[in-house]
Amino acid sequence: MTKVDGRAARWAGQQERRRAEFVDAALAAIAEHGPEVSTEQIAERAGVARTRLYRHFADAADLQRAIAERAAELVTAELAPLWHPSGSPNEMISAVISTHLRWLTEHVHLHRYLLRTGPGTTDVRGTIARHLSGLFSGYLTAFGLDPAPADTIAFGLVGYVESATTRWLDHPGTLSLAQLTDQLTGTIWAMLDHTLRAGGVEVDPDRPLPLPEELG
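Residues in the sequence shown are numbered consecutively from 22, following this note's numbering.
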């Protein structure tokens with residue numbers, strides 16, 4: 022039986038707690054200073070010297086990855102109630118879109134920071150897309166269709182929404198939030214409807230849709 026080094030375990034736990042504290046400080050610094058936030062500003066927000074900050078992160082990329090992982094956790098928590106939706110297809114889609122758009126508008130600086138740092142936005146996009154893929158796969162299977170397209174549809178839709186929303190954030194006033202939500206909802210339903218009709222399934226987007234297990 023391998024003996025556990027209590028001191029090493031405590032040190033590892035302390036390291037993780039400090040990393041989490043620094044990531045929270047980074048999120049606060051991004052909200053305050055914007056997507057161009059510097060490491061010095063993050064360290065200042067954390068109340069430590071820049072050199073001490075990097076005792077807990079290998080480099081700037083490691084810190085950026087930790088911020089992206091935390092952002093993905095926040096998005097997942099925000100959207101968690103939507104992964105078991107109810108209502109009509111349009112109501113389900115609108116609920117997901119409006120919740121996601123609200124999160125983006127409330128975290129504009131973080132969204133732009135993730136876009137600027139590259140891999141960060143992939144974590145958030147992938148988190149949402151994987152959840153949607155599971156949801157789509159369940160419905161396609163329940164309708165007796167091949168669930169294989171679910172993954173492509175989910176990732177494509179998330180990329181579309183992200184691109185359209187980023188454009189909207191960069192050009193405020195072109196559409197209201199409600200108009201953007203309606204436009205995205207209509208486009209997404211058109212894409213899903215095309216997939217269903219290709220398999221011989223017709224669904225009224227305004228009638229309540231049973232859960233996948235109820236359809237089976």
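All residues carry an ideal CB built from backbone N, CA and C; glycine is no exception.
According to DSSP, is residue i part of a helix, a strand, or is it coil?
i: R146; result: helix
i: H105; result: coil
i: S158; result: helix
i: E37; result: helix
i: E235; result: helix
i: P56; result: coil
i: D83; result: helix
i: W32; result: The pLDDT assigned to W32 is 49, lower than 50, so where the model puts this residue is not dependable; a value taken from the coordinates is nonetheless given after this. Looking at W32 - three-state DSSP - the assignment turns out to be helix.
i: D45; result: helix
i: A89; result: helix
i: T138; result: helix
i: V166; result: The question names Val, but residue 166 is Leu in the sequence shown. Coil.
Enumerate in chain order the residues of its own chain whose CB-to-CB distance from residue i is below 6 Å, with the five nearest sequence positions on each side excluded.
i: G147; result: none
i: M212; result: none
i: V117; result: L103
i: Y160; result: P233
Let's see if you can read the secondary structure: which residues bound the alpha helix (DSSP H) around residue i?
i: W189; result: P170 to D191
i: D225; result: Neither: D225 is in no alpha helix (DSSP H) and is coded neither H nor E.
i: H215; result: L198 to A219
i: T72; result: R71 to L74
i: H77; result: Neither: H77 is in no alpha helix (DSSP H) and is coded neither H nor E.
i: T120; result: P110 to E127
Report yes if the CB atom of residue i is closer than 8 Å to the CB atom of residue j, and no otherwise.
i: I88; j: A47; result: yes
i: L205; j: A175; result: no
i: L122; j: T202; result: yes
i: A67; j: V58; result: no
i: P193; j: H130; result: no
Apart from the five residues on each side of it in sequence, which residues of its chain come closer than 7 Å, Cβ to Cβ, to residue i?
i: Q36; result: H77
i: H132; result: L125
i: S154; result: A171, D172 and A175
Give me, in chain order, the residues of the same chain whose beta-carbon lies closer than 8 Å to that of residue i; leave out the 5 immediate sequence neighbours on both sides.
i: R228; result: S109
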